[in-house]
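Okay, structure first, notes after.
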Amino acid sequence: MHPENRQDHPGSCPKCGMTLEPLIPLEAEDDGELKDFQRRFWWTLPLTIIVAALAMFGHRLGWLDMAAQSWTELVLSLPVVFWTGWPFFVRGWQSFAHRSPNMWTLISLGTAAAFLYSVVATLAPDAFPDTFISMGRVAVYFEAAVVIISLTMLGQILELKARSQTSAAIKSLLGLAPKTARRINADGSEEDVPLNHVHVDDLLRVRPGEKIPVDGIVTEGRSAVDESMLTGEPIPVSKRAGDRLIGATLNTSGTLVMRSEKVGSATMLAQIVQMVASAQRSKAPMQRMADVVAGKFVVVVVLVALSTLVGWGLFGPEPSWVYGLINAVAVLIIACPCALGLATPMSVMVATGRAATQGVLFRDAGAIEKMREVDTLIVDKTGTLTEGKPAFDTAIAAPGYTPDEVLRLAASLDQGSEHPLADAIVEAARAQGLALAQAVDFDSGSGIGVRGMVEGKRLALGNTALMEQEGVSVEALRADGERLRGEGASIMHLAVDRTFAGILAVTDPIKASTREAIQSLHDSGLRIVMATGDGLTTAKAVGAALRIDEVHGEVKPSDKLALVETLQRDGRVVAMAGDGINDAPALARADVGVAMGTGTDVAMNSGQVTLIKGDLRGIAVSRQISIDTVRNMRQNLMFAFIYNGIGVPIAAGLLYPFTGWLLSPMIAALAMSLSSASVIFNALRLRGAK
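Using UniProt numbering, read the sequence shown as starting at 1 and increasing by one per residue.
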């Protein structure tokens with residue numbers, strides 16, 4: 001509950017007394033404390049039952065005189081109090097030593113008061129006035145002390161089991177990684193090696209049915225890879241040479257040879273585990289309020305308990321001080337703030353794990369709370385709305401040429417270019433089986449296109465400015481060029497020996513999921529703004545196709561940052577989604593930065609939310625998780641406050657004059673344990689939320 005407290009070994013939190021969680025949960029659960037608590041509970045449970053039975057029925061059975069019964073209860077209570085209850089008293093003492101009152105302060109005070117009073121009453125009954133005598137002996141409450149300890153221990157056992165489920169998502173992620181990889185050695189031989197023996201640039205073979213060992217790139221083979229365990233995408237993704245692979249995903253069909261690029265803590269799986277664990281350790285704004293309330297609440301409860309003791313002692317019916325003591329103990333026990341402290345951390349832990357299994361990573365709990373408030377989303381175009389990889393669209397030939405010839409000549413010239421648009425043209429020509437020629441005297445220094453000689457002909461390929469330099473008119477296909485630009489394509493003109501030969505259109509295809517994502521975001525009430533460095537005509541074309549509310553083209557990184565700040569000044573809660581270095585300033589400034597997992601590390605480090613698949617539908621998922629989580633946290637806090645609001649007055653005996661109701665400390669202990677369990681199990685409901 002207090003992630004700022006860290007140490008290099010298991011133990012208890014000095015602030016709240018709860019068991020410290022490992023920074024990264026272990027795949028094999030370390031359940032030493034759970035086993036210890038179970039051993040203490042089960043070995044002493046029979047003693048607790050005997051003491052409680054004696055207290056309720058001993059005087060009726062008459063097996064022992066009342067003084068002997070008190071001594072019997074004392075002897076049987078010692079193992080329960082001093083062995084089973086010892087961890088509670090240690091934590092209670094630590095709460096005083098650290099000046100941090102918490103649930104163990106109340107539990108240790110309550111049980112110690114009941115037990116010590118009973119010990120004195122057994123050892124020196126003559127020290128008490130006659131009003132303390134009940135059923136032939138000075139009233140003792142060993143049964144209250146042992147039952148409270150046993151019920152509290154039972155509650156701790158249930159809580160430890162439930163808490164282990166909240167980190168189940170991380171443990172399942174840790175279990176995804178294969179233990180070995182099949183490495184191809186320099187001499188062509190192959191061997192299976194432990195995963196930690198794989199290095200960058202190793203060649204690895206992945207056979208059908210095996211998991212991808214590390215992040216890398218395909219060098220040989222074709223296959224379909226199931227990435228659902230990391231991205232949430234249920235359909236296997238086709239992979240071939242040049243495609244990237246994510247470690248721990250499943251190769252479903254063909255054999256692949258891959259070159260490792262990221263190993264160990266650099267893999268996407270390792271980074272996901274680290275981000276989820278970090279988010280689970282973070283403190284939600286709502287929790288900070290609960291922590292403040294819980295800290296002051298304990299002090300108030302102790303004062304209420306003292307007031308209960310004195311009030312009943314002075315004004316209650318006989319034996320008034322006995323009533324006062326028992327009611328004060330009930331107040332201390334039932335007012336335990338454990339449920340209040342657990343209310344938000346449990347919800348955050350479950351929500352971040354659930355989000356990770358659906359391809360959404362929250363950096364911290366604050367992002368979970370804030371995401372539901374977002375009303376405006378700014379999106380980049382390239383790599384966010386679109387694939388981010390240009391693809392050849394079409395070639396239109398001028399009179400005297402054919403589309404295939406236009407593509408073949410342009411691709412032959414572009415073989416010497418490193419521009420992404422050139423790569424798209426060359427790849428398309430090779431895919432169509434066109435025979436490319438060698439280009440000579442290649443020149444790409446103009447910034448507006450390329451020139452060179454192909455098959456003895458002088459070629460120029462570029463924009464209209466290059467055609468003007470070459471003295472070539474493009475009027476013959478101007479209308480076609482404008483039409484394609486209006487559809488969002490980038491246009492290049494080809495001139496052969498200063499004669500216009502045709503145009504080529506390259507597009508950055510809109511992701512298949514983008515339209516559905518935009519529609520779902522609109523349905524949830526978001527205003528969507530596109531800000532891109534592309535030309536305004538292309539930007540408007542994409543914006544119109546996707547029904548985006550507002551479009552900004554030809555913007556620089558500083559312009560995106562300014563746009564975020566302008567919207568924030570207008571009272572908008574802004575999320576920014578992007579994938580590039582140029583998006584990083586705006587991602588950092590936005591109320592919630594959403595980074596595409598397919599983008600740069602700089603972008604992911606600047607965002608509070610990362611979409612592993614780079615799919616905008618993840619924003620709708622993250623908003624729904626945010627809504628569900630905040631609702632769950634509020635329910636938990638409501639349970640805790642209502643429970644204390646009702647329980648404390650009853651335990652103090654405020655209703656006794658009107659109803660005759662008093663609350664046994666044993667019932668208070670049961671209610672206290674159930675309240676904590678109810679909070680945890682309510683948080684666990686988030687795992688199955690749709």
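Positions of the beta carbon are idealized from the N, C-alpha and C atoms, including for glycine.
What you are looking at is a predicted structure, and each value in this text was computed from that prediction instead of being measured.
Between Val329 and Ala113, the CB-CB gap stays under 8 Å. Going by C-alpha positions, Ala577 is about 6 Å away from Ile378. About 22 Å separates the beta carbons of Gln635 and Asp364, which is beyond the 8 Å limit, so they are not a contact pair.
Taking the Cβ atoms as the reference, Ala391 lies roughly 6 Å from Thr507, within the contact range of under 8 Å. Across the structure, Gly366 and Arg372 are spaced so that their CA atoms are roughly 11 Å apart.
Listed in chain order, the non-local C-beta contacts of Ile491 below 7 Å within the same chain comprise Gly481, Leu484, Arg485, Ile503, Ala505, local neighbours out to five positions each way being set aside.
A Cβ-Cβ separation of about 7 Å places Gly653 in contact with Thr308 under the 8 Å criterion. Of the candidates Gly247, Ser223, Ser320, the residue whose Cα lies closest to the Cα of Gly254 is Ser223. Boundaries for Lys389: no beta strand (DSSP E) harbours it, and the DSSP string shows neither H nor E there. Two segments are said to touch when three or more pairs of C-beta atoms, one from each, lie closer than 8 Å; by this definition the region 548-558 touches the region 523-532.
Between Thr376 and Leu616, the CB-CB gap reaches or exceeds 8 Å. In terms of CA proximity to Ser150, Ala52 leads the group Met56, Ala241, Ala52.
Nearest Cα to Asn185 within the set Phe115, Met258, Ala671, Val298: Met258.
The distance from the Cβ of Ser347 to that of Asn632 is about 5 Å, consistent with a contact at the 8 Å cut-off. Per the Cβ contact rule, the region 208-224 is in contact with the region 238-247 (3 or more Cβ pairs under 8 Å).
Every alpha helix (DSSP H) stretch that sits fully inside the UniProt domain "P-type ATPase A" (176-276) and reaches 4 residues is listed by chain position as 228-231. In the DSSP annotation of this structure, the continuous segment of the alpha helix (DSSP H) that includes His522 starts and ends at 514-523. Shortest Cα-Cα distance from Thr537 to any of Ser95, Lys560, Ala489 involves Ala489.
Rounded to the nearest whole angstrom, the C-alpha separation of Ser118 and Ile625 is 51 Å. Cβ atoms of Val140 and Ala121 come within 8 Å of each other, at about 5 Å. Between Gly618 and Leu176, the alpha-carbon positions lie close to 22 Å from each other.
Ranked by how close their Cα comes to the Cα of Arg137, the residues Ser70, His197, Leu203 have Ser70 in first place. In this structure, the beta-carbon distance from Ala575 to Asp591 falls below 8 Å. For Lys457, the pairing in a beta bridge is given by DSSP as Val454.
Taking a C-beta distance under 8 Å as the contact criterion, Leu203 and Ala181 do not qualify as a contact pair. Within the DSSP bridge table, the entry for Met346 names no partner. Closest in C-alpha terms to Arg99, from the list Ala586, Leu611, Val299, Met349, comes Val299. Its Cα nearest to that of Leu385, the residue Ile518 stands out among Ile518, Val573, Ala620.
Cβ neighbours of Thr629 within its own chain (closer than 6 Å, five residues either side excluded): Ser347, Ala351, Ile368. 8 Å or more divides the Cβ of Ala479 from the Cβ of Phe500.
Per the coordinates, the alpha-carbon of Ser520 lies some 20 Å from the alpha-carbon of Phe362. Between Val147 and Ala651, the gap from beta carbon to beta carbon reaches 8 Å or more. DSSP links Ala495 through a beta bridge to Ala460, Phe500. Our two residues, Ala429 and Gln415, have alpha carbons roughly 11 Å apart in a direct line.
When the Cα atoms are used, Pro101 and Arg685 turn out to be separated by approximately 30 Å. Gly486 carries a helical assignment under DSSP once its states are collapsed to helix, strand and coil.
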